[in-house]
Structures are given as C-alpha cells and as structure tokens.
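In this note's numbering, the protein residues as written are 15 to 261.
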C-alpha cells in the first residue's frame, strides 16, 4: 500500500462487505493479493494482484493467493485499484488490459484515496476492453455483479476523516464497517440507558406526587375525623345541633 490512507481504504472495502455478507459463504473478498492465471505467470512472478477484488460462486476460506486453475477457473467479478503516483500508469495500462482480456473481470474501478476521484469501467466482452461507466446523478456507479453500487462518502474511519470509497446497497445505504457497527451499538446502548434513566426519573416523580397526594389525603381525613369527634362530643353534652333533627 502506497500510504496509510491506501491501506485503510482497502480494509474499509473488505471489512464492510464481509460484515454485510456475514451470513453468506459463497464469495471471497481479498486485497493486495497475487492472482495467478497461468503457469508461466507463476514462474515469472511478474504480476501483483489487485488492491481489492471480489469473487462470487466460490467457497469463503483463507487464501494466501488466488490461483485460478485451483479455484475451478473462477476469476474476480469485481476489481478495485487504489491509485497513487507510483501505480496509476500500471493500473490504467497493463493491469487494465490483463483484467479485461485474460481475467475478463466484468467491472473495474479506480479510486484515488487522496483526491476522492472515483472511476468505473464495464467490460465490453466483444472487444475485450473496458468502457467507461457514467455515474448516476449522485455520483455513484453501479456494480451489477454484486447487486450493489460504489460511491464516495465523507466519514471518519481508522482515525482518518476523509472521502472514502464505499459499497452502497439497493436502498442507498452505505455498508458499514465493524468500526461503525461498534459505534452504532455503543450509541444504541447509551440511548437505551438514557431512556431507562428518563423512565426511572418519571416513575420517581410520579411516586413523589402519589406520596404527596396520600399525605394530603391522610391530613384531610385526620382533619375530618377530628371535626367529627368534636361534633360527637358536643352533641353528647348539649344535644344535636340546631336543625339536626330535621334531617
């Protein structure tokens, strides 16, 4: 990886897709890994793998490299290269031709983590070359093989506030990273705690009001009992109050 930002961007794309598809075992997403598609290439060791790639219809397991003939001929369905000054020429040249003509990768994306520039390319199978894709009005690109989109979103990830390339689902929601998932869990826990504290405060206030009402009721009853006692004592000594016999 060219810079810390490049390495973080690779991990953001890999980790967020792994989290979103945690219940699936029919795909593999990897990064900065060699892809071998011929014995000659292995012997020459002249080709480094893509920064991020996704393969569908395959088993999800650990890989040290991706060897096409050992994977039933499966090649990546999506490749992403993270541009830098030292790699851009190769990413737009030799790698692009290899992905199109030899690996036949359906969708290819280029992203510069330092400038936020994102480009999308779709394979024209008839000519074995990529055609540049047009973004939608929001600047996002479709990613048909995965049923997703890719776009650029501002966020603070890995301790870096920047424009990040993200996976986006059919509802327009960004696929979150484990870091963001943990943040959401903490925020939800804090919100639940605040609600519980508010509910307890309301219950305590209601109890105070109930206790005050009981004190008032007890005081009123005591006053009424005292008056009744005085009345009974008066009537015992002097007889009923005037008008009592008429009632």
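Backbone N, C-alpha and C define an ideal beta-carbon position, used for all residues, glycine too.
Residue environment for residue 126: buried (at least 16 other C-beta atoms within 10 angstroms of its C-beta). Here residue 180 is near residue 27, since their CB atoms are less than 9 Å apart. Within its own chain, the residues whose Cβ lies closer than 7 Å to the Cβ of residue 41, once the five positions on either side in sequence are excluded, are 35, 68, 69, 70, 72 and 74, listed in chain order.
Closest by C-alpha distance to residue 165, out of 83, 93, 17 and 154, is 154. Straight-line spacing of the CA atoms in residue 115 and residue 76 works out to 27 Å.
In the DSSP assignment, residue 137 falls within the beta strand (DSSP E) that extends over 132-138. With a threshold of 16 other beta carbon atoms within 10 Å, residue 99 falls short and is exposed. The closest CA to that of residue 53, considering only 226, 47, 83 and 65, is found on 83.
By the neighbour-count criterion, in which 16 or more other beta carbons inside 10 Å mark a residue as buried, residue 141 falls on the exposed side. Take residue 96, set aside five residues on each side of it, and the residues of its chain with a beta-carbon closer than 7 Å to its own are 20, 23, 24, 65, 125 and 127, in chain order.
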